[in-house]
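**Q** Below: one structure in structure tokens.
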Amino acid sequence: MIISIVNQKGGVGKTTTAINLSAYLAAMGKFVLLIDIDPQTNATSGIGINKDKIENSSYEVLLGGVNARKALTNLFMPTLKIIPSSPNLAGATIELVNQPGREFTLKNNLLEIKNDFDFIIIDCPPSLDLLTINGLVAADYVLIPVQAEYYALEGLSSLLNTFNLIKENLKPNLNILGSVITMYDKRNSLSREVMNEMYKNFPFKIFRSVIPRNVRLTEAPSYGQSILQYDSKSKGAKAYERLAKEILDHFIWQ
Numbered sequence: 004m005i006i007s008i009v010n011q012k013g014g015v016g017k018t019t020t021a022i023n024l025s026a027y028l029a030a031m032g033k034f035v036l037l038i039d040i041d042p043q044t045n046a047t048s049g050i051g052i053n054k055d056k057i058e059n060s061s062y063e064v065l066l067g068g069v070n071a072r073k074a075l076t077n078l079f080m081p082t083l084k085i086i087p088s089s090p091n092l093a094g095a096t097i098e099l100v101n102q103p104g105r106e107f108t109l110k111n112n113l114l115e116i117k118n119d120f121d122f123i124i125i126d127c128p129p130s131l132d133l134l135t136i137n138g139l140v141a142a143d144y145v146l147i148p149v150q151a152e153y154y155a156l157e158g159l160s161s162l163l164n165t166f167n168l169i170k171e172n173l174k175p176n177l178n179i180l181g182s183v184i185t186m187y188d189k190r191n192s193l194s195r196e197v198m199n200e201m202y203k204n205f206p207f208k209i210f211r212s213v214i215p216r217n218v219r220l221t222e223a224p225s226y227g228q229s230i231l232q233y234d235s236k237s238k239g240a241k242a243y244e245r246l247a248k249e250i251l252d253h254f255i256w257q
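Counted the way the working numbering counts, the sequence shown spans residues 4 to 257.
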């Protein structure tokens with residue numbers, strides 16, 4: 004199962020969700036691969052990988068002819084691995100332009116290892132460029148984090164339009180898994196209003212597990228740790244644990 008985590012708006016908890024969902028799925032006994040295709044490399048550094056010591060990254064997999072298996076990097080659990088990112092990805096969109104079948108590069112390069120994992124989680128860039136299109140075409144499902152803030156719904160229609168174009172033209176069996184609301188503050192009336200607007204206007208599933216605004220969640224990446232490692236008793240940790248369980252239940256009952 005390949006899930007791309009996508010939102011072209013930055014700062015919505017996309018990478019936090021990619022790291023912590025991966026960690027909790029792995030902790031629940033699933034074999035999980037996290038793939039960072041964001042040139043900002045936040046998922047890579049946020050889970051403890053030194054980007055300056057990486058030999059093979061998602062850049063080499065996409066553009067350097069490196070076998071995806073060679074880019075697999077071990078993490079803190081035997082059931083969890085990462086294909087890290089590299090700042091070199093910043094120019095990848097331009098480099099991919101002239102490649103034949105450029106939208107299918109990641110999908111094709113994952114075929115060899117796809118069946119080694121129960122879940123592959125792809126952290127896409129905060130944009131709708133060729134890297135994100137590669138992430139969407141490679142995926143079976145799309146998970147959209149939406150923060151409970153004023154501009155939350157802005158740009159969501161563009162993302163859904165891109166999804167529809169890819170589904171119609173490149174990946175007919177691509178589906179939206181749903182949306183997860185992040186940075187929620189129950190004391191804030193605006194957070195409640197945004198949640199209500201999502202339930203009114205978002206045409207797909209909204210997960211019941213809501214990710215709160217939580218200091219421990221924001222601290223964890225600076226220590227190169229998932230929230231499971233950093234503070235498994237925090238509200239943020241419990242929220243991602245619930246989300247992982249909810250996603251597992253979704254596929255059990257599908």
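Built from N, CA and C at the ideal position, the CB exists for glycine as well. From a predicted model like this one, the values you see are computed outputs, not experimental measurements.
Taking the beta carbon of Arg211 as the centre, do at least 16 other beta carbons fall within 10 Å, making it buried, or is it exposed?
**A** As a first step, residue 211 must be located in the sequence shown, where it is residue number 208. Result: exposed.
**Q** Quick check on DSSP: helix, strand or coil for Asn178?
**A** Within the sequence shown, the letter at position 175 stands for residue 178. Asn178 falls in the strand class under three-state DSSP.
**Q** Quick check: the Cα distance between Leu75 and Ser235, rounded to an integer number of angstroms?
**A** As a position in the sequence shown, residue 75 is number 72, starting the count at 1. As a position in the sequence shown, residue 235 is number 232, starting the count at 1. If I take the Cα positions, the gap works out to 26 Å.
**Q** Have a look at Ser160 and Leu139 and give me their C-alpha separation to the nearest angstrom.
**A** By one-based count along the sequence shown, residue 160 stands at place 157. By one-based count along the sequence shown, residue 139 stands at place 136. Distance between the alpha carbons of Ser160 and Leu139: 16 Å.
**Q** Assign Val213 to one of three DSSP states: helix, strand, or coil.
**A** For the purposes of this step, residue 213 is taken as the residue at position 210 of the sequence shown. Coil at Val213, not helix or strand.
**Q** My parser needs the beta strand (DSSP E) runs of 3 or more residues fully inside the segment 17-49; what are they?
**A** With a minimum length of 3 residues, the continuous beta strand (DSSP E) runs that stay inside the segment 17-49 are 35-39.
**Q** Going along the chain, which unbroken runs of the beta strand (DSSP E) with 3 or more residues stay wholly within the segment 91-126?
**A** Correct list: 122-126.
**Q** Below 8 Å on the Cβ atoms is my guess for Pro129 versus Lys208; work out the distance and round it to an integer in Å.
**A** Here residue 129 corresponds to residue number 126 of the sequence shown, with the count starting at 1. Here residue 208 corresponds to residue number 205 of the sequence shown, with the count starting at 1. That belief does not hold up - the Cβ atoms of Pro129 and Lys208 are roughly 22 Å apart, past 8 Å.
**Q** Just to confirm my understanding: we take Asp132, look at its own chain, exclude 5 residues before and 5 after, and list those with CB closer than 6 Å. What are they?
**A** Taking the first residue of the sequence shown as position 1, residue 132 is located at position 129. These residues qualify, in order along the chain: Thr96.
**Q** Determine the DSSP secondary structure at Val149, reduced to helix, strand or coil.
**A** Here residue 149 corresponds to residue number 146 of the sequence shown, with the count starting at 1. DSSP places Val149 in strand when its eight states are reduced to three.
**Q** On the three-pair Cβ rule with 8 Å, is the segment 144-152 touching the segment 44-55?
**A** The segment 144-152, when compared against the segment 44-55, does not touch it at the 8 Å Cβ threshold.
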